[in-house]
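In UniProt numbering, the protein residues as written are 1 to 350.
Quick reminder that beta carbons are idealized off the backbone N, C-alpha and C, glycines included.
Only one structure is covered here, and it is reproduced in the block below.
So this is what it looks like as structure tokens:
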């Protein structure tokens, strides 16, 4: 699943606009291996959406390849020589769907700068795809790729650039460390959560230079015991199969939603309790706020908002209610949603 400026891409071939409840199907995506990436199959690609409603109602879907395991590469490429080739290749042939034509087409993108590395090095990272976020910013698509490099694709001049992570093997990280790509107030952000240490960088592309500029370096532990001023989150448009049989529970949930609504523009953040929690709870990154410098964290199913400008931490409530607690095992990723497009989807592929 992917998302971009209010539109959702589901199961790689369904477009959905929650604001209008409109759905559109994309044609079947191509499966033929692209030149220079013959060892990549349809199971090794992810779909990413590029859409800016302030520019046009049209959008594009990119199929971005990843490098499979070494044994699969050797078997499919009929040899090990490909392990020493650069990744991504240049030119890089990508399958792109355009809502203007309603068709998939192959496009060639030339690389600006150096490659991310050799195929043999990239294939060592076989984390599952949900960590691979993408962001669309000022006409360019930024994709979080294997080994944590970012691929910046520009359709206007048919080029791409590899942006290497701010930490490049010079520091030993824990096995639970997590890089997270996002977009917020000042553009493209990269966060690293390693145990309770949170670092945030902003991508600086001024003066034809591309580098990560450190925005925040904070140790969040030992962790305070947060008094929760907000109630549990509410699932919108949940399937009727999971609806409560008790109408009183539904009414209580609606009342709770109104009572505990969170306003990100409210800078009056209540202080946290000084008493420290002794348990070593899991912490992960949920998302960046789309237009304020706030990063959302998940700590043992509790949602926290960390304000970069003030270094204050705010508790937003429990992520899973009792009614929907059994569904959390199916949650693979998260993102902030903002309705951006109230018009109809382009007719070329409806």
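Run the CB neighbour count on residue 87, radius 10 Å, all protein chains shown included, and call it buried at 16 or more, exposed below.
Counted from its first residue, the chain shown places residue 87 at position 87. Its Cβ being crowded by 16 or more others within 10 Å, residue 87 is buried.
Specify the secondary structure class of residue 167 as computed by DSSP and reduced to three states.
Within the chain shown, the letter at position 167 stands for residue 167. Correct three-state label for residue 167: coil.
Counting Cβ pairs, one atom from each stretch, are 3 or more of them under 8 angstroms apart for the segment 204 to 224 and the segment 304 to 323?
Yes, they touch.
Quick one, which of 17, 28, 126, 293 has its alpha-carbon nearest residue 190's?
Here residue 190 is taken as the residue at index 190 of the chain shown, counted from 1. Nearest option by C-alpha distance: 293.
Using the DSSP secondary-structure output, state which residues sit across from residue 218 in a beta bridge.
Locating residue 218 in the chain shown gives position 218, counting from the first residue. For residue 218, which the question treats as bridged, DSSP gives the partners 198.
Return the CA-CA distance between residue 75 and residue 26, expressed in angstroms with no decimal places.
By 1-based counting over the chain shown, the position of residue 75 is 75. By 1-based counting over the chain shown, the position of residue 26 is 26. Roughly 32 angstroms between the two C-alpha positions.
Residue 319: which of 336, 160, 298 sits nearest, CA to CA?
What you label residue 319 is simply residue 319 of the chain shown in a count that begins at 1. Taking only the C-alpha atoms, the option nearest residue 319 is 298.
Note down the Cα distance separating residue 145 from residue 132, rounded to an integer number of angstroms.
As a working note, residue 145 is residue 145 in the chain shown. As a working note, residue 132 is residue 132 in the chain shown. So the two alpha carbons sit approximately 6 angstroms from each other.
Could you give the C-beta distance for residue 210 and residue 143, rounded to a whole number, given that I count them as a contact under 8 angstroms?
Sequence index remark: in the chain shown, residue 210 carries index 210 (1-based). Sequence index remark: in the chain shown, residue 143 carries index 143 (1-based). Between residue 143 and residue 210 the Cβ distance is about 15 angstroms, and since that is not below 8 angstroms, they are no contact.
Over what stretch of residues does the alpha helix (DSSP H) that includes residue 115 continue unbroken?
To locate residue 115, count along the chain shown from 1; it is residue 115. Unbroken run through residue 115: none, as it is neither H nor E.
Spatial neighbours of residue 31 within its chain, please: C-beta separation below 6 angstroms, excluding the five flanking residues on both sides.
Stepping through the chain shown from its first residue, residue 31 is reached at position 31. Excluding residues within five positions, the ones whose Cβ falls inside 6 angstroms are 42.
For residue 135, does the count of other Cβ atoms within 10 angstroms reach 16, so buried, or fall short, so exposed?
Counted from its first residue, the chain shown places residue 135 at position 135. Counting Cβ neighbours within 10 Å, residue 135 comes out buried, since at least 16 surround it.
Would you kindly work out how many angstroms separate the C-alpha atoms of residue 106 and residue 10, rounded to a whole number?
Here residue 106 refers to the residue found at position 106 of the chain shown. Here residue 10 refers to the residue found at position 10 of the chain shown. Taking the straight line from one Cα to the other gives about 22 angstroms.
At what residues does the alpha helix (DSSP H) containing residue 77 begin and finish?
For the purposes of this step, residue 77 is taken as residue 77 along the chain shown, with counting starting at 1. Residue 77 -> alpha helix (DSSP H) spans 70 to 77.
Spatial neighbours of residue 69 within its chain, please: C-beta separation below 8 angstroms, excluding the five flanking residues on both sides.
Here residue 69 refers to the residue found at position 69 of the chain shown. Only 123, 126 meet the Cβ criterion.
Can you grab the Cα-Cα spacing for the pair residue 98 / residue 172, in whole Å?
Locating residue 98 in the chain shown gives position 98, where the first residue counts as 1. Locating residue 172 in the chain shown gives position 172, where the first residue counts as 1. About 42 angstroms.
Can you tell which of 58, 118, 151, 94 has its C-alpha closest to the C-alpha of residue 112?
Position 112 of the chain shown holds residue 112. Ranking the options by Cα distance to residue 112, first place goes to 151.
Short of 6 angstroms in beta carbon distance, which residues of its chain neighbour residue 373, apart from the five on each side in sequence? Order them along the chain.
Outside the shown range of the chain (1 to 350) lies residue 373, about which nothing can therefore be said.
Which parts of the segment 12 to 95 are runs of the beta strand (DSSP E), unbroken and 3 residues or longer, counting only runs that do not cross its ends?
14 to 17, 22 to 25, 45 to 51, 59 to 65, all fully within the segment 12 to 95.
Between residue 40 and residue 65, how many whole angstroms is the CB-CB distance? I'm expecting something under 8 angstroms.
Sequence index remark: in the chain shown, residue 40 carries index 40 (1-based). Sequence index remark: in the chain shown, residue 65 carries index 65 (1-based). Yes, they are in contact, since the Cβ atoms of residue 40 and residue 65 sit about 4 angstroms apart, within 8 angstroms.
Would you report the Cα separation of residue 315 and residue 303, rounded to the nearest angstrom?
By one-based count along the chain shown, residue 315 stands at place 315. By one-based count along the chain shown, residue 303 stands at place 303. Approximately 6 angstroms, taken between the alpha carbons.
If you follow the beta strand (DSSP E) that residue 5 is part of, which residue opens it and which one closes it?
Your numbering for residue 5 matches position 5 in the chain shown. Careful: residue 5 lies outside any beta strand (DSSP E) and carries neither H nor E.
When the Cα atoms are used, what is the spatial distance from residue 186 to residue 282?
Counted from its first residue, the chain shown places residue 186 at position 186. Counted from its first residue, the chain shown places residue 282 at position 282. Roughly 29 angstroms separates the two Cα atoms.
May I have the straight-line CA-CA distance separating residue 101 from residue 18, to the nearest angstrom?
Counting from 1 along the chain shown, the entry for residue 101 is found at position 101. Counting from 1 along the chain shown, the entry for residue 18 is found at position 18. So the two alpha carbons sit approximately 24 angstroms from each other.
Using the three-state DSSP reduction, which class does residue 338 fall into: helix, strand or coil?
Taking the first residue of the chain shown as position 1, residue 338 is located at position 338. In the structure shown, residue 338 sits in coil (DSSP, three-state: anything other than H, G, I, E or B).
Give the straight-line distance between the Cα atoms of residue 286 and residue 80, rounded to the nearest whole angstrom.
Here residue 286 is taken as the residue at index 286 of the chain shown, counted from 1. Here residue 80 is taken as the residue at index 80 of the chain shown, counted from 1. Rounded to whole angstroms, residue 286 to residue 80 spans 39 angstroms at the Cα level.
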